[in-house]
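Structure, as structure tokens:
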Amino acid sequence: MRSSLSARSTNVALLLSLIIFTLIPFFGIVATALQPRGKAPSGFSIPLHPALGNFAEAWSQASILPLIGSSTLIVLGVVPVALLLSALAGFGLAQPGLPGGSFLGLLFVAGLTIPAEALISPLYYQVQAMGLLDSRWAIILPLIALYMPFGVFWMRTHFLSIPEELSEAARVDGASTFRTFVSIQLPLARSAISALLILFFLWTWNQFLLAIVLVNDPLKRTVAGALGAFQGQYGTDIVLLCAGALLIIAPSLIVFFIFQRQFVGALLQGSSK
Amino acid sequence: MTAVTSPETSEAGAPGTRRPRARGRNRGLNWNALLWVLPALVAYAFFDLYPLTQTIRYSFYNWDGIGAATSAGFGNYVAVFTNPEQFASILHAFVLIFFFTVIPVGLGLVVAAIIRDQKAGPFATFTKTVLFLPQVLPLAAAGLIWTWIFSPNGMLNGFLRAVGLGSLAQDWLGGFHTALPAVGIIGSWVSLGFCTVLLLAGIGKIDGSLYEAVRLDGANRIQEFFAITLPGLRSEIIVASTVTTIAALSSFDVIYISTSGGPGYATTVPGLEIYRLTFVSQQVGSASALAVVLSILILAIVLPLQRLGKQS
Amino acid sequence: MHLKSTNDIATRARRLAAIALATATAGIMAACSAPGSSAVQVAASPVSTDLGTAPITLNLVSDTPGVDAFKKMADGFKKLHPNVTINVTGQDFNTLISNAPRMLASGNVPDLVRLASFGNLVKDKLISPLDGYAKAYGWDKWPQSQFASLRSNQEGTVRGKGSLYGAGPGYGLTGVYYNKTILTKLSGTVPTTLDEFEALLKKAHGAGYTGLLTNGKDGGLTYPLQNLIMDYGGAAPVQAWNYNQPGANINTPATVKAATTLQSWFTNGYINANTNSVDFTSAPAEWQKGQSLFWTSGNWSAPAADKALPGKVGFFLFPSIKDTDTRYAMSASLLLAIPSKSTHKDAAAAFIDYVQTNAAARQITFDQLGLLPAGPEGASVPTVAPGAQADTETQFAKASGSDGLVEFMPNATASMSVSTLIPQTQLLVSGKVTPAAFAAKVQSDYTSSLGK
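Taken in sequence, the protein lines are chains A, B and C.
Mapping the first sequence onto this note's numbering, position 159 (from 1) lands on 159, and the numbers just tick up by one.
Just add 273 to wherever you are in the second sequence, counting from 1, and you've got this note's numbering.
Just add 585 to wherever you are in the third sequence, counting from 1, and you've got this note's numbering.
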């Protein structure tokens, strides 16, 4: 193992420069959001008298609260159902002897390569025919389906990793498959499911295309979908724009900071094999 | 998929994937298991597979999206390759692969190879958290932030002027030569941390004794990299490349917010063209043909990548 | 995707391809039937100006910046018609324009919608003709030139005449804002000819100012361009082209000459070098810096222009070649249409009449939207403090008095602005296309988009 001082300082320096590259845009937007209103700031300057009032202004002008409420409703509509369907199907696909199992597995996997752009206009007519256009269901229902390829694949991979002996033992004890699933498999899948939960939350919160196409009323969209409208409306006022953008991304950041261990950890689980 | 950024990493991450899946193959068919799959399958078929067939159907018509359609044969497909704007958008998407995939994976590899063995601890956790941040943002927000950084009076030019390189300051997103790379940099920013963390995790799994062995054989660090690191990271590289390539080819949010395809047609991408053809020009047929071509392109790139991952 | 657990990836790949093929086949089979339906059939309803007493709720969809103004007008309207409540909602302009056709075809339509142009809406019978209301409310007795751009034949193929499909509170008017401080410094006067205008651009450039501020990122370069085309070749061919009259052609010597002039202005440094990244919303911030002599925009920017540099801004119509020539300006109505599927057409039409004729509403149109109120001759004239906005009022009278008001070229087809004029003007000023190629491309895109 190299552990000389110079090697370690190279490592730290490298990582620090990566960190700076990653963070500079955030510093920039925070610094801009704190500039006094009414003048067009240029370049990068530390605000000497941080104008915290900008956030209050952006908060009310951009209807941040209703938007967060709307996104929350959409998340609540999408994530639990998508998790449930993914877990069920993942478990089913991991069962031995599933008829057409490998075909079904591939069918789901194939969905990972379909870009949302390829589906957007038929989805529009489909949602319209169902009379759901302009309601949050127009975002919720298609999103659940769009998450299936990934969710099912993720859960199937997890269930395949569970030693078969566990289920075998349960089966010998006379437990039904359902009982096995609920009492043995689900508790074991907790980390896989919580990682999936975080991912589904982020993708839903950040959903842009479906939101701007399928819902006309900005207050029924996701926060990300409202960003475009926000830019169009306050492009003149770069300070307010930055303050609003910060408010819009804040919930994702908070969720990420709370769950970052699970998030990063789950994604990198393979490292501990 | 939507918002393809970090998700597919999981395939590397999900535990135990090397287990043989052939188990139980010789037993009787388990029809009950189908019931478990059914709800997901119905949702998937209804809002994913069915719309896809509809896109294919629309692509053979001239249709404004509302009135009656007239047959177009393969005309819309011919247009994808003969209409200079549509074809350029496909080329731009390929250029973006360089920024979304090659740069982050390449840089990530270099960093991972140098650091190789990162000690666990608060600094490591902090690093991972920070590098993952861009993954958490809506891409639209990333576009918004960087538009401000690249603007003529923005942070980048301000920095250049402050360090005496004012002559390099320019209108990054408005210049014909700089706009596409500038948009690409936004993609690099989003993917770099993710690729690095993934590769760092992968390199930690490589058996340290392998390095000692080649070291004993007198290999220098470059040889060591090609002999041990690169092969050892094969699956992580494939995962990172696949995810970021799909993101590059189907990019929309960042471009929509930052340049709207301009200046001229310099930063148009298929996602933006599809959106415009559908919702601005009301040429649903042309848009659908481009969407089908885009899907095929993604499949055509992802499949060989996967095969590459398997040749060892 | 990443199939670690597979032993035979080649087989998998083949299967995946097979699935793709199967899906494609299914799609092609489905393709046997054409999508879409024939046009919506809505029976013509009798026209009435009596709104009764039963409660009516109207839904009005505007672009976001217009919401406040329409809300105030709705309040005023409710005082006259207490049974009518108007819900005003706003959408980002581009999203609204993009979504309008589908929104109007859906089951849940608003009663009034702000549009930029008709696109296929007339052809698909999604918006109602208003001729009955025009007669009932006497709009047909007003100066008719204001309605020309709101007319279309029933097939939706030619605009400018035929049935009336919309009307609205006011009119946009393009022209040139000027910075009085800089003009005085350059010891110049408001230019009356194109040569004087160009000389001032040169002077401003020489003194280190931006001669002409434009928002090229989202189409601001088309304003000086269209004015130049009309100066060189007259407005009639442009208007015929805008209205999609059969055989209309913009690939003319006037267009090539106009493109050449515009290109040279940019090359000479008269136009802001960052035009390709300045958009409609960031242009006022540029103007506020006080470094630009001229700014081509419309009266909708007047409140912002005055606010940015109080007392220092004026407005004039784009100059003509000779002082005595007609001065042209682009003008369009802030267009409200009544969807065919609306169930409260009478009340919606009453509101359209109200916004054009009521003195308080007209003042709101002027103050908040910056637009010149529509309406009959001799209607109330909004009051305003001296400044650029006051200038727009007098200049509008000048242009409309001399038949100088012309529709915007970007409205000629649904995709003309986004897919052709914006990128092509950007290419043109940057020298990436020649003026001749520019003119040819604009015409060929126009033809192909009308052919679809």
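From the three backbone atoms N, C-alpha and C, an ideal C-beta is built for every residue, glycine too.
| Check | Outcome |
| --- | --- |
| At what residue ranges does the segment 643–694 of chain C contain a whole run of the alpha helix (DSSP H), taking only runs of 4 or more? | 652–665, 678–690 |
| Buried or exposed: where does Q496(B) fall if 16 or more other Cβ atoms within 10 Å of its Cβ makes it buried? | exposed |
| Going by C-alpha distance, which of L199(A), H158(A), T177(A), E164(A) is nearest W304(B)? | T177(A) |
| Mind checking if I238(A) is an interface residue toward chain C, Cβ cutoff 9 Å exclusive? | yes |
| Please list the terminal residues of the continuous beta strand (DSSP E) segment that includes S877(C). | 877–883 |
| With distances taken Cα to Cα, identify the nearest neighbour of R156(A) among P142(A), Y125(A), A189(A), A224(A). | A189(A) |
| So with CB distances below 7 Å, who are the chain C contacts of Y538(B)? | P1008 |
| On the CB-based measure, 16 or more other CB atoms within 10 Å of its CB, does A586(B) come out buried or exposed? | With chain B represented from 274 up to 585, any question about residue 586(B) goes unanswered, as that position is not in the structure. |
| Closest by CA to L15(A), which one among P454(B), R494(B), L380(B), F499(B)? | L380(B) |
| Using a Cβ cut-off of 9 Å, pull out every chain C residue sitting near P115(A), in sequence order please. | Simply none; closest approach about 14 Å. |
| Does the distance from the C-beta atom of S167(A) to that of T180(A) stay below 9 Å? | yes |
| Going by alpha carbons, who is nearest to G757(C) out of T911(C), E992(C), G819(C), T795(C)? | E992(C) |
| Less than 9 Å between the C-beta atoms of I248(A) and L67(A), yes or no? | yes |
| Among E546(B), V315(B), G477(B), T518(B), which residue has its Cα nearest to the Cα of A622(B)? | Only positions 274 to 585 of chain B appear in the structure, and residue 622(B) is not among them; the question remains open. |
| Contact between the segment 515–531 of chain B and the segment 363–380 of chain B: three or more CB pairs below 8 Å? | yes |
| Which residues does DSSP pair with F259(A) in a beta bridge? | According to DSSP, F259(A) bridges with nothing at all. |
| Looking at the secondary structure, which residues open and close the beta strand (DSSP E) in which R171(A) lies? | Looking at the DSSP string, R171(A) is not in any beta strand (DSSP E); the run it does join, the alpha helix (DSSP H), is 164–172. |
| Secondary structure at F993(C), three-state DSSP: helix, strand or coil? | coil |
| Pull up the distance between the alpha-carbon of R296(B) and that of L308(B), whole angstroms please. | Confidence at R296(B) is low in this model, with a pLDDT of 44, below 50, so its placement is unreliable and the value that follows should be read with caution. In a straight line, the C-alpha of R296(B) is about 20 Å away from that of L308(B). |
| Identify every residue that forms a DSSP beta bridge with F21(A). | For F21(A), which the question treats as bridged, DSSP gives no partner whatsoever. |
| Find the residues of chain C that neighbour S554(B), judging by a C-beta separation of less than 9 Å, and give them in chain order. | T998, A999, S1000, V1003, S1004, S1034, K1037 |
| Could you tell me which chain C residues have their CB closer than 7 Å to the CB of R458(B), listed as they occur along the chain? | A small fix is needed here, since residue 458(B) is Ile in this sequence, not Arg. Going along chain C, no residue has its Cβ under 7 Å from I458(B), so there is no contact; the nearest lies around 15 Å. |
| In the DSSP assignment, find the beta strand (DSSP E) that holds L798(C) and state where it starts and stops. | 795–798 |
| Could you confirm whether any beta carbon from chain C is found closer than 9 Å to the beta carbon of P218(A)? | yes |
| Helix, strand or coil: how does DSSP classify F347(B) here? | coil |
| If you count every other CB in all the chains shown that lies within 10 Å of the CB of Q729(C), and 16 or more means buried, which is it? | exposed |
| Please report the straight-line C-alpha distance between N672(C) and D910(C), rounded to a whole angstrom. | 46 Å |
| How many Å lie between Y1031(C) and T451(B) at the Cα? | 30 Å |
| As a quick exercise: from S734(C), A1021(C), V646(C), L894(C), pick the residue whose alpha carbon is nearest that of A844(C). | A1021(C) |
| Is it buried or exposed for I906(C), if we count other Cβ within 10 angstroms and need 16 for buried? | exposed |
| Per DSSP, which one or two residues make a beta bridge with T759(C)? | G883(C) |
| Is V75(A) buried or exposed, if buried means 16 or more other CB atoms sit within 10 Å of its CB? | buried |
| Take A539(B) and list the residues in its own chain whose beta-carbon comes closer than 7 Å to its own, dropping the five residues that flank it on each side. | F449, A452, L453 |
| Mapping DSSP to helix, strand and coil, what is P504(B)? | helix |
| Check whether the segment 955–972 of chain C touches the segment 940–947 of chain C, counting contact only when three or more Cβ pairs, one atom from each stretch, lie closer than 8 Å. | yes |
| In chain B, which residues lie with their C-beta within 7 Å of the C-beta of S862(C)? | S424, P425, D444, L446, G447 |
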